[in-house]
Every structure is written in C-alpha cells, then in structure tokens.
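In my numbering, the protein residues as written are 324 to 482.
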C-alpha cells in the first residue's frame with residue numbers, strides 16, 4: 324500500500340503554492356498511490372477560495388483522499404466545499420477527524436483547527452479519540468497529525 328502525504332499547502336492569491344501543488348500532484352500521479360492525505364494548513368489568511376481551487380485539482384486525482392484541517396484552516400469553509408462525503412462521521416460544526424479503513428490498515432487523522440489558547444486540549448482530544456476507536460484485528464493503524472507538540476502525546480498513545 325502506498326500512502327502519499329502533502330502538508331501545509333498554504334494557498335493564497337499572493338503566492339505560487341497552488342502551482343507547487345500542481346507540480347506535486349503531477350509527480351505523484353505515475354506513482355499511483357492508494358491514499359493521498361492532505362494535512363493542513365491548506366490555505367492562508369482566510370483565502371477560502373483556495374479550498375475550491377484545491378478541490379478542483381483533487382477531482383482528477385484517482386485515489387482515496389483524506390483531508391485533515393490544520394490550525395490555519397476553517398472547518399465551515401471546508402465543509403462548504405467538500406461536504407459530508409469527505410468526513411461522513413463528523414458531527415455538525417464539530418471536528419473533522421478521519422478514520423479510514425483500507426485492506427492494509429486503519430488510517431486515523433486528527434483535525435487540529437483549535438485556537439492557540441486551546442491547543443493544550445489536543446492531548447486530551449487525542450487520547451479520547453483513540454479510546455473511541457476499535458483497533459483492527461491485526462492491530463495495524465496509521466495516524467496523521469500536523470502539530471509538532473503532539474509528538475509526546477502520540478508516543479504515549481501508541482504504547
């Protein structure tokens with residue numbers, strides 16, 4: 324199984340990051356990944372049109388796509404573009420976590436769109452999210468997150 328991850332696109336009208344995304348997708352296409360994980364931050368400075376531009380580029384990419392919001396992203400704007408099909412189990416106005424089962428493993432991703440003052444709460448969210456999951460019989464899972472300080476929580480969680 325091949326999983327590709329692209330992170331921190333930071334699309335904005337005043338940078339070339341969408342062109343860089345095009346180049347990355349062009350490079351990835353012949354590799355034929357099974358899953359593409361886009362982890363935030365997808366846009367910069369509230370440029371919500373960037374979500375639509377990213378969605379247009381992903382529409383032609385032929386694999387399972389998982390999008391994980393980062394701290395610079397806006398859940399409401401992302402929901403408006405991708406709708407419930409991207410996050411079928413996410414509660415209305417709640418976090419856009421992802422749990423995707425594949426034949427090879429379970430992929431777990433966390434939404435990290437929290438205000439700076441609330442980021443410390445992510446460790447608790449991480450543990451709570453983990454405890455609510457059923458681990459596949461073979462125990463194989465792959466987790467994605469985009470905030471560096473979670474490395475400690477991640478190590479503890481995987482024990």
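From the three backbone atoms N, C-alpha and C, an ideal C-beta is built for every residue, glycine too. Model, not experiment: these values are computed from the prediction.
Would you decide whether residue i is buried or exposed? Buried here means 16 or more other CB atoms lie within 10 Å of its CB.
i, result
"residue 406", "exposed"
"residue 408", "exposed"
"residue 392", "buried"
"residue 436", "buried"
"residue 417", "exposed"
Per DSSP, which residues does residue i bridge with? Please list them.
i, result
"residue 408", "Per DSSP, none; premise fails for residue 408."
"residue 330", "362"
"residue 387", "358"
"residue 424", "429"
Could you tell me if the beta carbon of residue i falls within a distance shorter than 7 Å of some heavy atom in the ligand MG?
i, result
"residue 390", "In the structure shown, the ligand MG is absent, as is every other ligand, since no ligand is present at all."
If residue i sits next to residue j, beta carbons under 8 Å apart, how far is it from one beta carbon to the other, in whole angstroms?
i, j, result
"residue 430", "residue 396", "In fact, because the Cβ distance is near 19 Å, the residues do not count as touching under 8 Å."
So which of the options has the shortest CA-CA distance to residue i?
i, options, result
"residue 360", "386, 423, 353, 327", "327"
"residue 419", "389, 348, 345, 337", "389"
"residue 339", "363, 376, 324", "376"
"residue 400", "381, 348, 369, 413", "369"
### Task
Please list the segments of the beta strand (DSSP E) lying wholly inside the segment 343-381, counting only runs of 3 or more residues, in order along the chain.
Runs of the beta strand (DSSP E) lying entirely within the segment 343-381, each at least 3 residues long, are 358-362 in chain order.
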